[in-house]
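To convert, count from 1 in the sequence shown and add 555; that's the UniProt record's numbering. C-beta: ideal position from N, C-alpha, C; glycine also.
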Amino acid sequence: AKAAGKAQAIVFSEEMLEGAPERLALETDFRHALERDEFTVVYQPKVGLKSGVTESLEALVRWIHPTRGFVGPDLFIPFAEESGLVMELGRVILEKACMDAVRWQQHNVVVAVNLSPIQFRNPNLVDEVRNALEMSGLDPKFLELEITESAVLGDVENTIRVMNELKTLGIRLAIDDFGTGYSNLAHLKHFNVDVLKIDQAFVRGGNGGPLDHLSDGAIVEAVIGMAKAFKLHVVAEGVESINHADELRTLGADLGQGFYFSRPVSGEGIDEFLAAEFSS
Ligand code: C2E
Ligand code: CA
Ligand code: CA
Ligand code: CA
Numbered sequence: 556a557k558a559a560g561k562a563q564a565i566v567f568s569e570e571m572l573e574g575a576p577e578r579l580a581l582e583t584d585f586r587h588a589l590e591r592d593e594f595t596v597v598y599q600p601k602v603g604l605k606s607g608v609t610e611s612l613e614a615l616v617r618w619i620h621p622t623r624g625f626v627g628p629d630l631f632i633p634f635a636e637e638s639g640l641v642m643e644l645g646r647v648i649l650e651k652a653c654m655d656a657v658r659w660q661q662h663n664v665v666v667a668v669n670l671s672p673i674q675f676r677n678p679n680l681v682d683e684v685r686n687a688l689e690m691s692g693l694d695p696k697f698l699e700l701e702i703t704e705s706a707v708l709g710d711v712e713n714t715i716r717v718m719n720e721l722k723t724l725g726i727r728l729a730i731d732d733f734g735t736g737y738s739n740l741a742h743l744k745h746f747n748v749d750v751l752k753i754d755q756a757f758v759r760g761g762n763g764g765p766l767d768h769l770s771d772g773a774i775v776e777a778v779i780g781m782a783k784a785f786k787l788h789v790v791a792e793g794v795e796s797i798n799h800a801d802e803l804r805t806l807g808a809d810l811g812q813g814f815y816f817s818r819p820v821s822g823e824g825i826d827e828f829l830a831a832e833f834s835s
């Protein structure tokens, strides 16, 4: 199930943004970008480690800047969060992802959208998710929201309440970057979630070589054991080699996501990829 992922041009780097004028220009541009609809969503397959079939896609935002080209989220999500503009950006991403996901329901493929911790604390979140489902016509069972482990740990009472409300919509919930937040595992059983995503730090590592082994197999094994005890699906991120995929399958992870299977690709790319995968 190797997708035809095209490498993306990185014409914009962290170093380039170190200067204050550059940073300021980016911030001014960001506000205009929302008005001009310069954000797009790319999708990375999550592949069944046993079936080899794409079961889910993670939606990842990209900014198509008029002069700078493709800008990755690490360069603007922090600013979007500090300024509060992530609320508006998050709404745009959710709507775009739900509209794309409608085309992939026929293949039983779920689309997972990242939620910023700021969005997770927004009292209108549940209404916004409901609106995105209604306007797109997406069956809620094909929408998943990814919330980072660190975001859910802050105010546990609030987390439990918001998760329960979101679950009444019929969507799926995932805890992202699991293993990095020093979770009190006792909380996990109160969280109404479906999926645990093991952080890529425990999967990739090594030299980035084609035969790399798991970076921390013992942690991966422990997380999978715990996830199974709570009847959660396990997704491993950062799968870059065949050995990663084989070892994860042996340890009982359900899905793998990473450059070994595919880089993130455009919605049109996913249309073609799914049509090919499900025709054979
Ligand atoms: P994340 O949610 O942990 O997303 C996974 C990131 O790992 C993505 O980077 C993906 O391209 C990258 N990745 C996947 N497989 C591999 C692999 O095998 N090797 C390597 N080296 N990297 C891999 P991306 O798209 O640059 O996103 C970075 C982060 O930005 C995301 O981390 C997430 O925290 C944030 N982000 C992305 N899209 C959104 C969005 O729509 N909303 C919000 N709030 N945050 C987003
Ligand atoms: Ca994620
Ligand atoms: Ca992640
Ligand atoms: Ca991350």
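(1) Which stretch, first to last residue, makes up the beta strand (DSSP E) that contains His-620?
(2) Assuming Val-778 is part of the alpha helix (DSSP H), what are its boundary residues?
(3) Mind checking whether the beta-carbon of Asp-771 lies closer than 7 Å to any heavy atom of ligand 3?
(4) Since Ile-730 is in the beta strand (DSSP E), which residue starts that stretch and which ends it?
(5) Using three-state DSSP, classify Leu-698 as helix, strand or coil.
(6) Which complete alpha helix (DSSP H) runs does the segment 617 to 687 hold, if anything under 4 residues is left out?
(7) Do you know whose CA, among Leu-615, Phe-625, Arg-617, Phe-634, lies nearest Arg-578's CA?
(8) Here's a check: name, in chain order, each residue in its chain whose Cβ is nearer than 7 Å to the Cβ of Asp-694, leaving out the five neighbours to either side.
(9) Can you tell me whether Phe-610 sits near ligand 2, meaning its C-beta is under 7 Å from at least one heavy atom of the ligand?
(10) In the DSSP assignment, find the beta strand (DSSP E) that holds Ala-791 and state where it starts and stops.
(11) Kindly indicate which three-state DSSP category Ala-558 falls into: helix, strand or coil?
(12) Can you tell me which of Val-750, Ala-729, Ala-656 puts its alpha carbon nearest to the alpha carbon of Gly-692?
(13) So which of Phe-585, Asp-767, Lys-651, Leu-649 has the shortest CA-CA distance to Pro-621?
(14) Can you give the beta carbon distance from Gly-780 to Val-794, rounded, assuming they're within the 8 Å contact cut?
(15) In or out: Glu-827 buried (at least 16 other Cβ within 10 Å) or exposed?
(16) Keeping to the same chain, check which residues put their C-beta closer than 6 Å to that of Phe-833; ignore five residues upstream and five downstream.
(17) Going by C-alpha distance, which of Leu-698, Glu-636, Leu-721, Leu-640 is nearest His-587?
(18) Could you pull the start and end residues of the alpha helix (DSSP H) that Leu-708 belongs to?
(19) Excluding five sequence neighbours on each side, which residues of the same chain lie with their C-beta closer than 7 Å to the C-beta of Lys-651?
(20) May I ask whether a heavy atom of ligand 5 can be found less than 7 Å away from the beta carbon of Glu-792?
(21) Could you name the residues of the same chain whose beta carbon sits closer than 6 Å to that of Leu-751, not counting the 5 residues immediately before and after it, in chain order?
(22) Can you check whether the CB of Gly-761 is closer than 8 Å to the CB of Asp-767?
(23) Nearest by alpha-carbon distance to Ala-773: which of Val-616, Phe-785, Glu-802 is it?
(24) Can you list, in chain order, the residues of its chain whose CB lies under 6 Å from that of Ile-726, leaving out five sequence neighbours each side?
(25) Here's the rule: buried if 16 or more other CB atoms are within 10 angstroms of the residue's CB, otherwise exposed. What is Ile-797?
(26) Which residues have their C-beta within less than 5 Å of a heavy atom of ligand 2, listed in chain order?
(27) Helix, strand or coil for Pro-576, going by three-state DSSP, please let me know.
(28) On the criterion of 16 or more Cβ atoms from any shown chain inside 10 Å, does Thr-703 qualify as buried, or is it exposed?
(29) Is Asp-754 near ligand 3, with its Cβ less than 7 Å from a heavy atom?
(30) Output the boundary residues of the alpha helix (DSSP H) element that contains Val-748.
In terms of the structure at hand:
(1) 609 to 620
(2) 772 to 784
(3) no
(4) 727 to 733
(5) strand
(6) 632 to 638, 641 to 659, 672 to 675
(7) Phe-634
(8) Gln-660
(9) In the sequence as displayed, the identity of residue 610 is Glu instead of Phe. Not so, every heavy atom of ligand 2 lies at least 7 Å from the Cβ.
(10) 788 to 792
(11) In this prediction, Ala-558 has a pLDDT of 42, which is less than 50 and means its spatial position is unreliable; nothing more can be read from the coordinates.
(12) Ala-656
(13) Phe-585
(14) 19 Å between Cβ atoms; not a contact.
(15) exposed
(16) His-662
(17) Leu-640
(18) 704 to 708
(19) Val-596
(20) For the structure depicted, ligand 5 is absent and the ligand set comprises only ligand 1, ligand 2, ligand 3 and ligand 4.
(21) Ile-730, Phe-733, Ala-782, Leu-787, Val-789
(22) yes
(23) Glu-802
(24) Pro-695, Leu-698
(25) exposed
(26) Asn-669, Glu-701, Asp-731
(27) helix
(28) buried
(29) yes
(30) Where Val-748 is concerned, there is no enclosing alpha helix (DSSP H), given that its DSSP letter is neither H nor E.
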